[in-house]
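This report refers to the structure that appears directly beneath it.
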Amino acid sequence: MPGHGDLLRERLCIHQVTLMESCDFRQSVECFARHGIEMTAVWRAKLEEAGPGAARAILDGSGVRAISLCAGGLLTEPGDEAARAAIDANRRWLDAAAAIGCASMVTITGGMPEGSLDLEGARGRARDRLADLLPHARASGVRLALEPLHPAVCGYRSVISTLGEANDWLDEIGAGDELGIALDTYAIWWEPGLSREIARAGRRIINFHCADWLRETSDVRLDRGMPGDGLIDNRSILGDAERAGFRGAIELEIFSVNNWWRRDPDEVVRIARERMLRCFSP
Ligand code: ZN
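First residue of the sequence shown? That's 462 in the numbering used here, and the numbers climb one at a time after it.
Here is the structure:
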């Protein structure tokens, strides 16, 4: 049975966005390295700020590797011009992800276009354009990890909300390994039939994100809790994913505008590491 050292080295990942307000690209990587965290998921705005070349150099010398880029997609705007712009942007993001060694790009659909009430239209465009991205994903060697998000952010982040919908889309698109799913416990912990949908997703699960849902949350997107502070049985959901064949990293992703983002980054990563070990150690 692996000890804490093994779990930490082999599976724990902390998303760069967890240090959103306190660190730039380099500072976040250096902070993870100080605490023995060897994997991160890169936040796209921080990558663009640093530039892929500089980001690669920072990662190469650090002992921290980038496993994933968050987030691409944003595929719902109507019109041919918007479609072309979205596809072009995603191709650039896939290339940038490849340049820093990421195995996947977390992909969200985007929300409802300004002035539109056509939810099904937005879903259809996002699904079609996701399919259009597959050749470039294959060519770049970066897998697309479709991430459904909590229904409270359907308006502005994701027009699909359940793992069941993500599974349906993958069935309909019929892609190979270049398309899979990012399972975020914060987004889908409430979903009826979740265990069944995780089993159905099986080895399509590429990324496992976790956080906690605070009972009295002040913001459904930007008030995520640390595992142990809320209502999500993260360990049980990971168990379901592992029974479905998942063997990847355990990724902590905290958006917390009034709490964790305001704290000292070393304090955040120290506490995050302790919580992850407590939550997930065998
Ligand atoms: Zn996520």
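Glycine included, every Cβ here is placed at the ideal spot set by N, Cα and C.
**Message:** Please state whether the Cβ-Cβ distance between S601 and A559 is less than 7 Å.
**Reply:** yes
- Query: Taking just the CA atoms, how far does E510 sit from L473?
  - Reply: 25 Å
If the criterion is Cβ atoms closer than 7 Å, does the pair A527 and G497 meet it?
no
| Relative to ligand 1, what is the chain-ordered list of residues with a Cβ closer than 5 Å to any of its non-hydrogen atoms? | D645, H670, E714
**Item:** Environment of E755 [buried if 16+ CB atoms lie within 10 Å]
**Value:** No statement about residue 755 is possible, as the shown extent of the chain runs from 462 to 743 and does not include it.
Work out the CA separation of F486 and R538 for me, nearest whole Å. It is Glu, not Arg, that sits at residue 538 in the sequence shown. Each residue's Cα considered, the two are about 30 Å apart.
Rounded C-alpha distance that separates A502 from I711 = 11 Å
Whether D690 touches D701 by CB criterion (7 Å) = no
For this session: Measure how close the beta-carbons of A513 and A564 come, nearest whole angstrom, since I'm counting them as under 8 Å.
Result: Note on identity: in this sequence residue 513 is Pro, with Ala being the wrong assignment. Between A564 and P513 the Cβ distance is about 16 Å, and since that is not below 8 Å, they are no contact.
Next item on the list: Count the other C-beta atoms from every protein chain shown that fall within 10 angstroms of the C-beta of S679, then say buried if there are 16 or more, exposed otherwise.
Entry: exposed
### Query
If we count the other Cβ atoms within 10 Å of its Cβ and call it buried at 16 or more, is A532 buried or exposed?
buried
message: Applying the 10 Å Cβ sphere with the 16-neighbour rule, what's the burial state of D571?
response: Rather than Asp, the amino acid found at residue 571 in this sequence is Gly. Classification for G571: buried.
Alpha-carbon to alpha-carbon, E652 and G663: 17 Å
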